[in-house]
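S.K.: Protein chains in written order, with my numbering: chain A, 1 to 397; chain B, 398 to 876. Idealized CB from N, CA, C, for every residue including glycine. All values derive from a computational prediction rather than experimental measurement. Have a look at this one.
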Amino acid sequence: MATGIKDRIAIIGMGCTQFGELWDKSPEDLIVDAFEEALADAGLDRSQIDAAWMGNALDDINVGNSALPLAHALRLKSKPVSRVENMCATGTEALRAASYAVAAGAVDFAVAVGVEKLKDTGYGGLPLRTKGLANDLWMPYGSAPGTFAQLAGAYTARHGLAAEDLKRAMAHVSWKSHQNGALNPKAHLRKSVDMETILNAPMIADPLGLFDCCGVSDGAACAIVTTPEIAKSLGIANPVTVKAIQLSASHGWEAGYSEWDGAFVRNTREAAKNAYAEAGIGANDLSLTEVHDCFSITELVTMEDLGLSADGRAIFDILDGRYDRDGAMPCQSDGGLKCFGHPVGASGLRMAYEIYGQLQGRAGDRQLAKVDFGLTHNLGGQPANSVAAVSILGRLN
Amino acid sequence: MSEEICRRGISGLSGYLPMLRLDRTSAAKALRFAGLGGRNAGYRSTAGWDEDALTLAAEAARNVLGTAQPDRVCFASTSAPFFERGHAPLLVDALALPPQTRTIDVAGCRRCAVSALLDALLGSDDSLIAVGEKRPVPAGSNFQFAWGDGGSAVRVSDEGGAQLVGHASSSHDFVDIYSSREHPSPYGYEERFVKETATRDIIAPTIKAALTDAGIAADDIDHACVIEPLPGMWRAIGKACGITAPNHASELSAAAGDLGAAHPLFSLAMAVDAAKPGDKILLAGFGSGCDALIFEMSGPVAGTEQARQALTHGLIFNDYVRFISLTGALDLDWGVRSEFEQKAQATVLHRNGRDTIGFIGGRDTKGSVQFPKSRIPVRPDADGPEPMEDVRLVDVPAKLVSVTADRLNFTPDPPFWFGLVQFENGARVMMEFTDADDEGFSVGDEVTMRLRIKSHNKSRGFRTYFWKAGPLRRPAMEA
């Protein structure tokens, strides 16, 4: 009978690059920068690394196939390295792979690196496939904001809300993240923005305006994991441990069967339920969350999907400040995808980086008073066809 | 004519127009500085970026399909999108007809659909002829306002309500206009030459021969559908033939433009819609000669009401720049996102093309309907492969579950509308929307399916087709 991975993995080192439009950085530069920070943080020598997983979502335009770019960049001599990809949930997928390797006893020290070089596309937004598959004969070529904007109309229809009220709550989500991002030296967008500017921004995909959309960024993040016993042997008395990592993927139900109303993300609910069970905690035990706020509407429904707000109440909780940095359940203390940025394959590990720092009291100006458990929510695909990864981090004792 | 031939006739007849109608008077003001644009009135039907001759023909054909399957499908157009790829076989799949259906494409001049109709009437098959035109027109030319985009379709069988009672044909390499591979847009010769010579030497003699074949006099004609090579020629043609009946082809030109090969059958649908039993109708197609056919009304003909209604329901616009962008006369630089092109694979089309263009989903063993079909159904309690029965979704009532107007992704006529569509039979599909009116789309809207271009790979000259959700009803145009 599987017992899960709670407290069987310790995170002993993490690194994260500056996110943003890093015109002067190659993917290899980003990998090295994130890894070297993590290695120094862990106090290890690179020869001690047993295995590595590289998360990279969009191989067509940036890093390249396989994990060879990682092996080359880090000069990991003949080590087992693999590339993982699960759309925007790729970063957490890399951490999951490394964690499972340690939990299985296969290796002592494993590395998870997430990296993306989106600004080599030559335009804003995410790139599109150029290969014609069967689905391309009928599926819409919707943009990422277009696919997530679908949540908004369905949400107001389900809960009988006015579009204007939803828009204001969405604007508060972005306003809050800009406030937090301004305190984060590694964030892509470090500028506070007032509510009126957000509300009056140009429309991208109705009802999502410019400030309802996250940044499209370059960046990398890295975690080094081992067992709690080894961590202690290295002098880390109370290491940060993984309490849970759970993944849920669509099987076609949302867009293919007549039950989903389009106003929530089922995989987030499934992954969260399983993560709480694995960690042995409830939603109210959390101290903070880092969720996949690719768009403001995503964060809004995620608050309900994670069980932090009752269904239909997220807009009121948001406007009441519950998820602000000084609120009862801070969300995106680092600025989130919205302002820290969204180098796709790195984002899940970037979320863990913030929780890791907060648990260790190393979050600088953003440090929260009391942090026991932090949750990361990493969402790939679109609400109608998604992969949701939820992890919970805490301390061993 | 022999008694055997007289029993053949038209059992279905219809027309289809794109939703957009250019207000010619307003739009022509944009050309005033150049002294171009002429004195135009009325409307010019304008195809959306995702419409072409095939989709327009398919939409018209839907109105005349009925329950009995035709033996033969003919596609007619002078603006067919492909030189080498049959359009009639695409129509067979789009209309979900059996693959055993015989097919043929006809082209060559704008008379082709009338010639095909005459051949069908003189033959013995149950035939469907579908016609579509979206002809390239240069900005500033007379053609851009005088011509329009549209489709028409006719069903020929032994039990037609409009029976052929006489006909005549003339072949004549008369070059009033031409287009070619080297010159895809039309080139026209002197109008005075065309008006005088076409009437005197081609159209009037052919009509007179058809009257003789039918054994009737000119004043026996109650409705005329005579193609005018140039606007305003009916008066001279009618006078030369002694016919005083109204010409529905002229009415159609004013309301939507000259629809090329689709024009004769569309105007014939208007005439049949207006006719009463016993009325005689003259149809004359023109282009490299003339075919004149005379019909006598003896019973109902399906589909004509939709043609009449198409004339008065649409969305009026007067933006000349949008117009020349839609007609291909203006090649805008849409930015780098427009560089996106997706290569359709022949192997994928081989496996999935028929179900895609036919919008064929599947019903599993417990009655759940889905699109596309899959080995293991999407039904939550399915636990292994199941056989699926074909279910066509094209005519199933549907509503919107979610929607957005996407302004980031490239589309040649922004914004890009799409969302989740719920069909009444339980199927649901994430789809693109088309024909947005000024109010756009909202959750809960009822929608109808329209065959449209799904992807257009310009660099390789290829396109794929799928269905898009459009408004259930079109706005009524002001009188």
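Quick one: Cα of Phe863 (chain B) to Cα of Gly585 (chain B), how far?
M.R.: Each residue's alpha carbon lies about 35 Å from the other.
S.K.: Counting pairs of beta carbons, one from the region 730–744 of chain B and one from the region 800–809 of chain B, are three or more of them closer than 8 Å?
M.R.: Touching, yes.
S.K.: With a 10 Å radius around its C-beta and 16 neighbouring C-beta atoms as the bar for buried, classify Val718 (chain B) as buried or exposed.
M.R.: Exposed: under 16 other Cβ atoms inside 10 Å.
S.K.: Return no unless some Cβ of chain B is closer than 9 Å to the Cβ of Tyr257 (chain A).
M.R.: At least one chain B Cβ lies under 9 Å of Tyr257 (chain A).
S.K.: Kindly list the residues whose CB is nearer than 6 Å to the CB of Tyr155 (chain A), restricted to its own chain and excluding five residues on each side of it in sequence; keep chain order.
M.R.: Answer for Tyr155 (chain A): Ala263, listed in chain order.
S.K.: If you draw a straight line from the C-alpha of Leu727 (chain B) to the C-alpha of Arg508 (chain B), how long is it?
M.R.: Leu727 (chain B) and Arg508 (chain B): Cα-Cα distance of roughly 29 Å.
S.K.: Pull up the distance between the alpha-carbon of Ile402 (chain B) and that of Pro467 (chain B), whole angstroms please.
M.R.: Confidence is the limiting factor: at Ile402 (chain B) the pLDDT is only 46, short of 50, which leaves the residue's position unreliable, though a coordinate-based value still follows. If you take the alpha carbons of Ile402 (chain B) and Pro467 (chain B), they lie about 19 Å apart.
S.K.: At least one CB of chain A closer than 9 Å to the CB of Asp803 (chain B): is that the case?
M.R.: It does; some Cβ of chain A falls within 9 Å.
S.K.: Which same chain residues, not among the five before or five after Leu126 (chain A), have their C-beta less than 8 Å away from its C-beta?
M.R.: Hits under 8 Å: Leu58, Leu118, Ser143, Ala144, Val216, Val344.
S.K.: Would Gly153 (chain A) pass as an interface residue toward chain B - the criterion being a Cβ-Cβ separation below 9 Å?
M.R.: Gly153 (chain A) counts as touching chain B.
S.K.: Answer yes if the region 546–553 of chain B comes into contact with the region 408–428 of chain B, meaning at least three C-beta pairs across the two stretches below 8 Å, and no otherwise.
M.R.: Because the criterion of three Cβ pairs below 8 Å is met, the region 408–428 of chain B and the region 546–553 of chain B touch.
S.K.: So Lys370 (chain A) and Ser287 (chain A) are in contact, right, with Cβ under 8 Å, and what is the actual spacing, rounded?
M.R.: About 6 Å separates the two Cβ atoms, so the contact holds.
S.K.: Return helix, strand or coil for Gln541 (chain B), following the three-state DSSP convention.
M.R.: Gln541 (chain B) falls in the helix class under three-state DSSP.
S.K.: Give the range of the beta strand (DSSP E) segment to which Ser566 (chain B) is assigned.
M.R.: Residues 559–568.
S.K.: Any residues in the region 474–489 of chain B with a beta carbon nearer than 7 Å to a beta carbon of chain A? Which ones, in chain order?
M.R.: Residues passing the 7 Å Cβ filter: none.
S.K.: Does DSSP put Ile407 (chain B) in a helix, in a strand, or in coil?
M.R.: Strand at Ile407 (chain B).
S.K.: Compare the C-beta of Met203 (chain A) against all C-beta atoms of chain B and say whether one is closer than 9 Å.
M.R.: Cβ-Cβ to chain B under 9 Å: yes for Met203 (chain A).
S.K.: Would you grab the beta carbon distance between Ala790 (chain B) and Asp842 (chain B) for me? Rounded to a whole angstrom, and I think it's under 8 Å.
M.R.: Per the sequence shown, the amino acid found at residue 790 (chain B) is Leu instead of Ala. Contact flag wrong, Cβ pair sits at about 17 Å.
S.K.: Who are the Cβ neighbours of Leu210 (chain A) in its own chain at under 7 Å, not counting the five residues just before and after it?
M.R.: Closer than 7 Å at the Cβ level, and outside the excluded window around Leu210 (chain A), lie Ala201, Pro202, Ile204.
S.K.: At which residues does the beta strand (DSSP E) containing Val534 (chain B) begin and terminate?
M.R.: Unbroken run through Val534 (chain B): none, as it is neither H nor E.
S.K.: According to DSSP, which residues form a beta bridge with Met54 (chain A)?
M.R.: A:Arg83, A:Val113.
S.K.: For Gly654 (chain B) and Leu417 (chain B), I'd like the C-alpha separation in whole angstroms.
M.R.: Each residue's alpha carbon lies about 12 Å from the other.
S.K.: Give me the Cα-Cα distance between Ala412 (chain A) and Lys232 (chain A), rounded to the nearest whole angstrom.
M.R.: Absent from the structure is residue 412 (chain A), since the part of chain A shown begins at 1 and ends at 397.
S.K.: Given Arg499 (chain B), which residues of its chain have a CB within under 7 Å of its CB, disregarding the five upstream and five downstream residues?
M.R.: The residues are Asp468, Arg469.
S.K.: Take the Cβ of Ser399 (chain B) as the centre, count every other Cβ of all protein chains shown within 10 Å, and call the residue buried at 16 or more, exposed below.
M.R.: Model confidence at Ser399 (chain B) stands at a pLDDT of 48, short of 50, so the residue's coordinates are unreliable; what they give is reported in the following sentence. The residue in question, Ser399 (chain B), is exposed, as its Cβ has fewer than 16 Cβ neighbours within 10 Å.
S.K.: Looking at C-beta atoms only, is the number of pairs between the region 266–283 of chain A and the region 167–182 of chain A that lie closer than 8 Å three or more?
M.R.: The answer is no - the region 167–182 of chain A does not touch the region 266–283 of chain A, with fewer than three Cβ pairs under 8 Å.
S.K.: Taking DSSP as the reference, what is the three-state secondary structure of Tyr276 (chain A)?
M.R.: Tyr276 (chain A): helix per DSSP, three-state reduction.
S.K.: Under 8 Å by Cβ, that's how I've got Leu488 (chain B) and Ala455 (chain B) pegged, so tell me the actual separation to the nearest angstrom.
M.R.: Correct: roughly 6 Å between the Cβ atoms.
S.K.: Please classify Ser524 (chain B) as buried or exposed, where buried requires at least 16 neighbouring CB atoms within 10 angstroms.
M.R.: The residue in question, Ser524 (chain B), is buried, as its Cβ has 16 or more Cβ neighbours within 10 Å.
S.K.: Straight-line CA distance for Leu76 (chain A) to Glu85 (chain A)?
M.R.: Each residue's alpha carbon lies about 20 Å from the other.
S.K.: Reducing DSSP to helix, strand and coil, say where Ser521 (chain B) ends up.
M.R.: Coil at Ser521 (chain B), not helix or strand.
S.K.: With 8 Å as the limit, tell me which residues of the region 730–761 of chain B have their beta carbon closer than that to any beta carbon of chain A; keep them in chain order.
M.R.: Within the region 730–761 of chain B, the qualifying residues are Gly732, Val733, Arg734, Phe737, Glu738, Gln739, Lys740, Ala741, Gln742, Val745, Leu746, Arg748, Asn749, Gly750, Thr753.
S.K.: Can you tell which of B:Ser582, B:Ala615, B:His620, B:Ile634 has the C-alpha that lies nearest to the C-alpha of Glu593 (chain B)?
M.R.: Per the Cα distances, B:Ile634.
S.K.: Is there a C-beta anywhere in chain A that falls below 9 Å from the one on Ser799 (chain B)?
M.R.: Chain A, which has a Cβ nearer than 9 Å to the Cβ of Ser799 (chain B), makes this yes.
S.K.: Do you know whose CA, among B:Ala450, B:Leu708, B:Glu786, B:Ile624, lies nearest Leu419 (chain B)'s CA?
M.R.: The shortest Cα separation from Leu419 (chain B) among B:Ala450, B:Leu708, B:Glu786, B:Ile624 belongs to B:Leu708.
S.K.: What does the alpha-carbon distance come out to for the pair Gly816 (chain B) and Ser26 (chain A)?
M.R.: Going by the C-alpha atoms only, they are around 37 Å apart.
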